[in-house]
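Presented below is the structure to which this report refers.
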Amino acid sequence: MSKALILIVEDDPTQRRFVQGSLESEDYSVLAAGSLKEAVAAVERHPVDVALVDYKLAGETGIDVIRAVLERNPLVTPIMITAYGQVEIAVEAIKAGAYDFIVKPVDFKKLMLVIDRALERHKLRQEIQVLRNSIDEKFRFENLVVVSPKMEGVARLAGKAAKSDVAVLVSGETGTGKDLIAKTIHYASRRRNGPFLAANLPSLPETLLESELFGAEKGAYTGAVDRKIGLFETASGGTLYLDEIGDLSLHLQVKLLRFLQEKEFTRLGSSKPLKSDVRIIAATNKDPERLVAQEKFRPDLYYRLNVIRIVVPPLRERREDIPALVDHFLRTISRRENRTIRGLTAEAMAALMRNSFPGNIRELENIIERAVVFSEGDTIRLADLPAFIDERENDAVFEPPGSLEEKVKRLEIREIEKALAEAGGIKSRAARALGITKRILGYKAKKYNLSGDEKTND
Ligand SMILES: Nc1ncnc2c1ncn2[C@@H]1O[C@H](COP(=O)(O)OP(=O)(O)O)[C@@H](O)[C@H]1O
Ligand SMILES: [Mg+2]
Numbered sequence: 014m015s016k017a018l019i020l021i022v023e024d025d026p027t028q029r030r031f032v033q034g035s036l037e038s039e040d041y042s043v044l045a046a047g048s049l050k051e052a053v054a055a056v057e058r059h060p061v062d063v064a065l066v067d068y069k070l071a072g073e074t075g076i077d078v079i080r081a082v083l084e085r086n087p088l089v090t091p092i093m094i095t096a097y098g099q100v101e102i103a104v105e106a107i108k109a110g111a112y113d114f115i116v117k118p119v120d121f122k123k124l125m126l127v128i129d130r131a132l133e134r135h136k137l138r139q140e141i142q143v144l145r146n147s148i149d150e151k152f153r154f155e156n157l158v159v160v161s162p163k164m165e166g167v168a169r170l171a172g173k174a175a176k177s178d179v180a181v182l183v184s185g186e187t188g189t190g191k192d193l194i195a196k197t198i199h200y201a202s203r204r205r206n207g208p209f210l211a212a213n214l215p216s217l218p219e220t221l222l223e224s225e226l227f228g229a230e231k232g233a234y235t236g237a238v239d240r241k242i243g244l245f246e247t248a249s250g251g252t253l254y255l256d257e258i259g260d261l262s263l264h265l266q267v268k269l270l271r272f273l274q275e276k277e278f279t280r281l282g283s284s285k286p287l288k289s290d291v292r293i294i295a296a297t298n299k300d301p302e303r304l305v306a307q308e309k310f311r312p313d314l315y316y317r318l319n320v321i322r323i324v325v326p327p328l329r330e331r332r333e334d335i336p337a338l339v340d341h342f343l344r345t346i347s348r349r350e351n352r353t354i355r356g357l358t359a360e361a362m363a364a365l366m367r368n369s370f371p372g373n374i375r376e377l378e379n380i381i382e383r384a385v386v387f388s389e390g391d392t393i394r395l396a397d398l399p400a401f402i403d404e405r406e407n408d409a410v411f412e413p414p415g416s417l418e419e420k421v422k423r424l425e426i427r428e429i430e431k432a433l434a435e436a437g438g439i440k441s442r443a444a445r446a447l448g449i450t451k452r453i454l455g456y457k458a459k460k461y462n463l464s465g466d467e468k469t470n471d
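Spelled out as structure tokens, the structure:
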């Protein structure tokens with residue numbers, strides 16, 4: 014700990030210099046103030062540990078000083094100095110927040126004793142404060158399961174990001190937790206009371222997307238019957254999460270870059286620059302460096318977004334997280350479904366641990382959700398898991414030998430499973446992602462026995 018900082022509040026210069034000199038010779042750092050105003054200025058500017066306050070000041074009382082000082086910094090420990098016989102003042106001082114009092118003429122030895130005790134208390138209070146802050150932080154991160162060293166690294170970076178206000182770029186496969194991490198950062202940041210808004214970029218055609226993000230003036234495009242306020246404006250004071258940034262058109266990339274550089278943007282159909290206080294967190298399931306190399310993404314925008322970069326590893330590269338994630342989902346899903354599930358059989362857990370999870374945590378979540386719904390007892394058995402789970406190749410590098418036909422079949426199975434997992438079991442969506450019709454997907458899934466009792470509702 015650095016040297017303790019003591020503030021003396023005393024209007025008599027002789028007395029002030031005397032106490033200051035004595036304390037400095039005891040190796041304390043000392044600030045001196047002659048009035049309430051000077052005392053307040055001192056605690057506002059310096060991390061004062063203990064304030065030694067004389068009761069009788071010209072025009073003010075030490076009680077006023079104690080109140081004003083504590084109002085500015087409640088961690089200061091005040092000590093009151095009173096004239097002999099003023100017990101009622103001492104009592105009043107304690108009520109106002111003084112830690113102790115000393116009677117004039119000041120016995121220097123006694124003063125040192127009281128100061129040391131006050132400093133001890135000060136240190137304790139600081140420790141409690143630090144502890145409380147770290148509990149708060151844990152609390153805010155509680156929805157994020159972190160076990161593996163890789164996820165610890167991610168959580169540490171997210172914590173750093175929460176303490177700053179710069180742009181963040183989160184990259185990782187679909188279902189690895191990018192949305193959740195963005196939210197976690199927002200709710201742990203000073204913007205937590207502001208809005209967290211998410212824009213899913215590829216879901217809209219260009220013009221609509223532009224007006225969705227930046228707003229549009231009346232008549233800016235066909236159908237713009239009213240002025241539209243965009244997400245950049247609505248999210249002011251909070252965080253705007255731009256999902257799948259890799260799909261942003263070059264035109265919108267320029268607008269986003271301008272915003273990041275100048276905090277300025279224009280509504281569609283207007284040239285009037287508007288300002289907004291928004292923090293940007295961008296995400297992509299593609300490799301951003303590759304997008305830049307392919308000239309699909311502007312390098313200047315990439316550098317602006319990449320100030321803090323969080324790479325979320327796929328679940329198969331951090332299997333240590335699986336049991337804790339299973340627990341987490343069992344708890345939340347069985348509560349929601351009003352079921353009591355105690356856990357998984359060893360066999361079922363082993364199958365999950367072996368699984369390759371092409372759909373990552375989203376896939377695991379879907380599997381658990383389905384198992385909770387399908388299980389009959391209070392334990393999830395292997396039979397409650399999808400049929401493919403126990404057989405799936407989990408090591409893409411290890412290819413068992415076989416004919417070309419067998420290899421193609423394996424590849425096809427793997428890709429279909431992956432698409433189904435990413436689509437949350439919705440076949441029409443998976444088919445679209447694979448570029449085949451829903452009918453062909455259904456046929457193949459049946460042929461390879463993939464659909465089993467997969468969700469059929471679309
Ligand atoms: N570390 C984690 N702890 C708990 N739940 C997680 C974790 N990572 C992801 N999830 C959950 O998995 C699902 C998919 O995560 P999401 O953030 O939507 O992934 P992405 O945006 O990368 O596709 C969500 O329901 C999310 O809450
Ligand atoms: Mg996402």
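Count the sequence shown with our numbering and you get residues 14 to 471, in order. Cβ coordinates follow ideal geometry from the N, Cα and C atoms, glycine included.
Just the Cα atoms here: how many angstroms apart are residue i and residue j?
i: D466; j: K460; result: Residue placement at D466 is flagged as unreliable, the pLDDT there being 41, under the threshold of 50; a coordinate-derived value is accordingly withheld.
i: E3; j: F342; result: The displayed coordinates of the chain run from 14 to 471. Any statement about residue 3 would go beyond what the structure contains.
i: K420; j: L395; result: 27 Å
i: K163; j: D260; result: 27 Å
i: E171; j: T197; result: As written in the sequence, residue 171 is Ala, which differs from the Glu given in the question. Looking at the two C-alpha atoms, the distance is approximately 8 Å.
i: V53; j: E275; result: 37 Å
i: E225; j: R271; result: 17 Å
i: Y456; j: R367; result: 27 Å
For residue i, collect the residues of the same chain with a Cβ closer than 8 Å to its Cβ; drop the 5 residues on either side in sequence, then sort them by chain order.
i: P327; result: G185, E186, T189, F370 and N373
i: V339; result: L357, M362, L365, L377 and I381
i: D40; result: K16
i: K117; result: I94, T95, A96 and Y97
Enumerate in chain order the residues of its own chain whose CB-to-CB distance from residue i is below 6 Å, with the five nearest sequence positions on each side excluded.
i: E406; result: In this prediction, E406 has a pLDDT of 48, which is less than 50 and means its spatial position is unreliable; nothing more can be read from the coordinates.
i: L433; result: A443
For residue i, verify whether its CB is less than 6 Å away from any heavy atom of ligand 2.
i: D290; result: no
i: K191; result: yes
i: D129; result: no
i: D256; result: yes
Would you check whether ligand 1 has a heavy atom nearer than 6 Å to the C-beta of residue i?
i: L214; result: no
i: G207; result: no
i: R375; result: yes
i: V181; result: no
i: V339; result: no
i: L157; result: yes
i: E330; result: no
i: E23; result: no
i: E57; result: no
i: E378; result: yes
i: T252; result: no
i: T235; result: no
i: G188; result: yes
For residue i, collect the residues of the same chain with a Cβ closer than 7 Å to its Cβ; drop the 5 residues on either side in sequence, then sort them by chain order.
i: K191; result: V183, G185, A296 and V325
i: I102; result: Y68 and T95
i: A248; result: P208, L210 and V291
i: L304; result: G259 and F310
i: K431; result: P371 and G372
For residue i, does the count of other Cβ atoms within 10 angstroms reach 16, so buried, or fall short, so exposed?
i: N470; result: Interpretation of N470 is limited by its pLDDT of 41, a score under 50 that renders its predicted location unreliable; no figure is taken from the coordinates.
i: L214; result: buried
i: G228; result: buried
i: E418; result: exposed
i: R348; result: exposed
i: S298; result: Checking the displayed sequence, the identity of residue 298 turns out to be Asn instead of Ser. When all chains shown are included, N298 counts as buried.
i: T252; result: buried
i: Y254; result: buried
i: E105; result: buried
Segment contact flag, the segment 178–195 with the segment 286–296, C-beta cutoff 8 Å, min 3 pairs: yes
The segment 194–214 in contact with the segment 373–392 per 3-pair CB rule at 8 Å: no
Touching by the beta-carbon criterion (3+ pairs, under 8 Å), the segment 85–92 and the segment 107–121: yes
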